[in-house]
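Right, one structure below, let's go through it.
Number of protein chains: 2
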Amino acid sequence: MRRLFGGLEAGGTKFVCAVGDGPHGVLAQERIPTTTPAETIGQAIAFFREQEAALGRVHALGIGTFGPVDLDSRSSSFGRITSTPKPGWANTDLRRTFQDALQVPVVVETDVNAAALGEGLWGAAQGLDTFLYLTIGTGIGGGAVVNGNPLHGLVHPEMGHIRIPHDRTVDPFEGVCPFHGDCLEGLATGPAIERRWQAPPRSLPGDHPAWRLEAHYLALALSTFVCTLSPQRVILGGGVMTQPSLLPMIRTKVVDLLHGYVQAPPILEAIDEYIVSPGLGPRSGILGALALASLLPD
Amino acid sequence: MRRLFGGLEAGGTKFVCAVGDGPHGVLAQERIPTTTPAETIGQAIAFFREQEAALGRVHALGIGTFGPVDLDSRSSSFGRITSTPKPGWANTDLRRTFQDALQVPVVVETDVNAAALGEGLWGAAQGLDTFLYLTIGTGIGGGAVVNGNPLHGLVHPEMGHIRIPHDRTVDPFEGVCPFHGDCLEGLATGPAIERRWQAPPRSLPGDHPAWRLEAHYLALALSTFVCTLSPQRVILGGGVMTQPSLLPMIRTKVVDLLHGYVQAPPILEAIDEYIVSPGLGPRSGILGALALASLLPD
Numbered sequence: 001m002r003r004l005f006g007g008l009e010a011g012g013t014k015f016v017c018a019v020g021d022g023p024h025g026v027l028a029q030e031r032i033p034t035t036t037p038a039e040t041i042g043q044a045i046a047f048f049r050e051q052e053a054a055l056g057r058v059h060a061l062g063i064g065t066f067g068p069v070d071l072d073s074r075s076s077s078f079g080r081i082t083s084t085p086k087p088g089w090a091n092t093d094l095r096r097t098f099q100d101a102l103q104v105p106v107v108v109e110t111d112v113n114a115a116a117l118g119e120g121l122w123g124a125a126q127g128l129d130t131f132l133y134l135t136i137g138t139g140i141g142g143g144a145v146v147n148g149n150p151l152h153g154l155v156h157p158e159m160g161h162i163r164i165p166h167d168r169t170v171d172p173f174e175g176v177c178p179f180h181g182d183c184l185e186g187l188a189t190g191p192a193i194e195r196r197w198q199a200p201p202r203s204l205p206g207d208h209p210a211w212r213l214e215a216h217y218l219a220l221a222l223s224t225f226v227c228t229l230s231p232q233r234v235i236l237g238g239g240v241m242t243q244p245s246l247l248p249m250i251r252t253k254v255v256d257l258l259h260g261y262v263q264a265p266p267i268l269e270a271i272d273e274y275i276v277s278p279g280l281g282p283r284s285g286i287l288g289a290l291a292l293a294s295l296l297p298d
Numbered sequence: 299m300r301r302l303f304g305g306l307e308a309g310g311t312k313f314v315c316a317v318g319d320g321p322h323g324v325l326a327q328e329r330i331p332t333t334t335p336a337e338t339i340g341q342a343i344a345f346f347r348e349q350e351a352a353l354g355r356v357h358a359l360g361i362g363t364f365g366p367v368d369l370d371s372r373s374s375s376f377g378r379i380t381s382t383p384k385p386g387w388a389n390t391d392l393r394r395t396f397q398d399a400l401q402v403p404v405v406v407e408t409d410v411n412a413a414a415l416g417e418g419l420w421g422a423a424q425g426l427d428t429f430l431y432l433t434i435g436t437g438i439g440g441g442a443v444v445n446g447n448p449l450h451g452l453v454h455p456e457m458g459h460i461r462i463p464h465d466r467t468v469d470p471f472e473g474v475c476p477f478h479g480d481c482l483e484g485l486a487t488g489p490a491i492e493r494r495w496q497a498p499p500r501s502l503p504g505d506h507p508a509w510r511l512e513a514h515y516l517a518l519a520l521s522t523f524v525c526t527l528s529p530q531r532v533i534l535g536g537g538v539m540t541q542p543s544l545l546p547m548i549r550t551k552v553v554d555l556l557h558g559y560v561q562a563p564p565i566l567e568a569i570d571e572y573i574v575s576p577g578l579g580p581r582s583g584i585l586g587a588l589a590l591a592s593l594l595p596d
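Chain order of the listed sequences is A and B.
Here my numbering is used: the first residue of the first sequence is 1, the next is one more, and so on.
Here my numbering is used: the first residue of the second sequence is 299, the next is one more, and so on.
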């Protein structure tokens with residue numbers, strides 16, 4: 001009999017719910033706008049109940065959520081969204097709420113860790129044990145799998161907030177991060193591009209200087225992540241990466257920045273296969289949530 | 299019966315060899331200058347043979363070595379130092395040479411991963427599963443333990459070579475890294491301090507501006523490592539850290555730089571216990587090598 005799983009990509013603007021068993025086996029999917037926890041979670045629970053009535057029981061539910069989220073199984077707030085500034089959502093107990101309502105095992109991860117696991121199981125990181133998934137959109141987030149398991153540590157990584165060199169003689173823009181000004185997120189998210197150039201990123205042609213500068217900042221970040229995490233591959237997703245001129249420029253600049261120091265053939269000889277687009281395309285997030293559920297031991 | 303282990307801290311200037319079973323049980327230790335592989339390794343093998351004759355067999359040998367080193371057990375050069383510029387040492391097969399000579403299991407790690415494991419087993423990171431050991435001396439290196447295991451990935455981290463903000467109006471120094479100029483190593487190693495201030499670091503008093511600048515650079519790096527690896531604790535060792543004014547300044551600056559973004563009590567409320575000196579003092583390296591051997595499964 002076919003084993004079905006539930007997946008929930010819990011984002012700041014929408015919740016995406018799915019039931020299925022993999023990238024070619026999504027049997028039902030729904031988008032729910034993120035409003036209040038009661039309304040949004042209520043609709044998500046209703047979706048899963050309807051689908052279970054139609055398709056049969058799901059074995060587990062995987063949730064990849066916006067953060068910060070408590071991933072420490074020994075903590076009293078395990079599986080909760082914690083200190084988010086998003087109104088009404090602080091201390092929302094995703095894990096317990098869904099578990100109580102659906103009576104299935106629920107596994108909660110950051111959205112980016114879930115996407116990374118999805119890419120590892122079905123996408124661009126198959127067969128690897130240590131790799132990085134980065135999304136560059138309205139925010140910048142990184143999910144790392146190390147020795148086959150997602151990296152949590154103290155809380156979970158906040159890769160968007162690393163400090164990178166910012167030459168104000170070239171780019172006097174102050175940055176948009178409310179916490180750090182010109183950290184990576186401050187300089188290189190979609191909203192940062194829009195504010196700096198006073199135009200929506202989608203309206204800027206591929207040869208606009210905006211993209212060269214964007215590639216420079218992302219390459220600085222990637223060279224730092226390569227030196228820190230030593231990933232076997234780096235996957236770049238998110239809305240900003242839909243600009244096709246960006247990925248080739250990033251690859252070239254990462255090689256330039258590392259300058260032969262990391263003596264690894266994937267970087268020196270095959271950068272096009274080292275820094276790649278998501279194998280699951282824009283579905284890394286929701287399929288990552290399904291992957292979370294399907295990776296849960298019986 | 300007491301189980302003894304061998305440890306070898308293989309450094310660019312000296313090899314430290316030890317036999318024992320922990321920080322309070324080092325029964326023999328010797329320093330051998332690093333000259334040629336044949337001479338230095340020959341003397342190290344002689345040391346272990348003599349000690350085994352006197353003290354009994356060691357169960358395993360742990361080697362924490364300078365790099366780059368191949369840590370991939372599926373690779374044909376597994377356990378070798380690879381592309382080091384150190385004359386004569388490229389392609390030295392540490393693992394096999396010691397294994398063949400001593401007929402014991404040999405486990406090879408980077409020097410900093412070994413030190414991290416030693417701190418985890420016996421030092422300042424006991425009971426933690428994800429943490430960072432950083433040494434700041436003639437070079438800068440980082441060893442990370444993630445979910446209880448050392449981080450290798452593609453090669454192994456090269457944390458000294460991340461790029462950090464460098465304001466040339468404050469510090470016009472170009473940096474000393476032959477690969478990257480003003481990467482972290484370029485700006486913040488002992489030799490960088492010496493070149494910038496034209497004086498040996500040890501001669502600079504604790505209130506010299508050199509130390510405030512050094513704390514600034516190290517805090518930039520630490521804030522990046524915290525955002526990327528989310529360690530439960532950060533341990534700072536190495537010769538540069540022997541300047542007592544440095545650690546308190548680094549702690550203050552890391553909290554300032556993170557600016558409340560990482561909502562974790564260890565950072566917000568207990569930074570003195572979050573960024574710490576090695577529990578094993580200057581012996582993290584050699585005891586880390588012993589730890590490597592003692593952690594090997596039977």
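C-beta: ideal position from N, C-alpha, C; glycine also.
Inset, instruction - Report yes or no: do the segment 54–65 of chain A and the segment 18–36 of chain A share at least 3 C-beta pairs separated by less than 8 Å? - result: yes
Inset, instruction - Spell out the partners DSSP gives P331(B) in its beta bridges. - result: K312(B)
Legend entry - Contact set between R461(B) and chain A, taken where Cβ atoms lie within less than 8 Å: I164, P165, L220, S223, T224, L257
Inset, instruction - Would you mind sorting K551(B) into buried or exposed? The rule is 16 or more other CB atoms within 10 Å of its CB. - result: buried
Inset, instruction - Establish whether the CB of V108(A) and some CB of chain B are separated by less than 9 Å. - result: no
Legend entry - Proximity of H450(B) and N411(B) at Cβ, strictly below 9 Å: yes
Legend entry - Beta-carbon gap between A413(B) and T433(B) smaller than 9 Å: yes
Legend entry - Contained alpha helix (DSSP H) runs [length at least 4] in the segment 66–111 of chain A, N- to C-terminal order: 94–102
Legend entry - 8 Å Cβ cut-off: residues of chain A touching M457(B): C227, T228
Inset, instruction - Step through the CB atoms of chain B and report whether any lies within less than 9 Å of the CB of T82(A). - result: yes
Inset, instruction - Give the C-beta separation of D171(A) and L128(A) to the nearest angstrom, bearing in mind that I take them to be a contact with Cβ-Cβ under 8 Å. - result: Not a contact, Cβ separation roughly 34 Å.
Legend entry - chain A residues whose Cβ lies nearer than 8 Å to that of A562(B): L154, V155
Inset, instruction - Indicate whether the contact test is met: 3 or more Cβ pairs, each with one atom in the segment 378–397 of chain B and one in the segment 548–568 of chain B, closer than 8 Å. - result: no
Legend entry - Neighbourhood of L258(A) by C-beta distance below 7 Å, restricted to the same chain and skipping five residues each side: S223, V226, I267
Inset, instruction - Note the first and the last residue of the continuous alpha helix (DSSP H) segment covering I460(B). - result: I460(B) -> no alpha helix (DSSP H), and no H or E assigned at all.
Inset, instruction - Would you mind listing the beta strand (DSSP E) stretches within the segment 227–254 of chain A that are 3+ residues and don't spill past its ends, in chain order? - result: 234–237
Inset, instruction - Establish whether the CB of I565(B) and some CB of chain A are separated by less than 9 Å. - result: yes
Legend entry - First through last residue of the beta strand (DSSP E) which encompasses G441(B): 438–444
Legend entry - Proximity test, Cβ basis, 9 Å: V356(B) and chain A: no
Legend entry - Within chain B, the residues that L151(A) reaches when beta carbons sit closer than 8 Å: T428, V444, N445, L527, S528
Inset, instruction - Drop a sphere of 10 angstroms on the beta-carbon of T333(B), count the other beta-carbons inside from all chains shown, and report buried for 16 or more, exposed for fewer. - result: exposed
Inset, instruction - Decide if D570(B) is buried, meaning its Cβ has at least 16 other Cβ atoms within 10 Å, or exposed. - result: exposed
Inset, instruction - Could you confirm whether any beta carbon from chain B is found closer than 9 Å to the beta carbon of Y133(A)? - result: no
Inset, instruction - Check the Cβ-Cβ distances between H478(B) and every residue of chain A, and say whether any is below 9 Å. - result: yes
Inset, instruction - Pick out whichever of L280(A), I193(A), P37(A), Q51(A) has its Cα sitting closest to the Cα of G20(A). - result: Q51(A)
Inset, instruction - Compare the C-beta of G142(A) against all C-beta atoms of chain B and say whether one is closer than 9 Å. - result: yes
Inset, instruction - Determine the contact status of I361(B) and A587(B), defining contact as a CB-CB distance below 9 Å. - result: yes
Inset, instruction - Could you say which of G537(B), G473(B), L482(B), I533(B) lies nearest to P498(B) if we only look at CA atoms? - result: G537(B)
Legend entry - Opposing strand residues paired with Y133(A) [DSSP bridges]: G143(A), I235(A)
Inset, instruction - Measure the CB-CB distance between A422(B) and S528(B) and report whether it falls below 9 Å. - result: no
Legend entry - Contact check, A291(B) vs T363(B), beta carbons under 9 Å: No answer is possible for residue 291(B): the residues shown for chain B start at 299 and end at 596.
Legend entry - Neighbouring residues, chain A, relative to P366(B) (Cβ below 7 Å): Q263
Legend entry - Identity of the residues DSSP links to E307(B) by a beta bridge: V314(B), G362(B)
Inset, instruction - Would you mind stating whether R494(B) and L220(A) have Cβ atoms separated by less than 9 Å? - result: no
Inset, instruction - Confirm, please, whether the CB-CB distance from D596(B) to S543(B) is below 9 Å. - result: no
Inset, instruction - Spell out whether any CB of chain B is found under 9 Å from the CB atom of G12(A). - result: no
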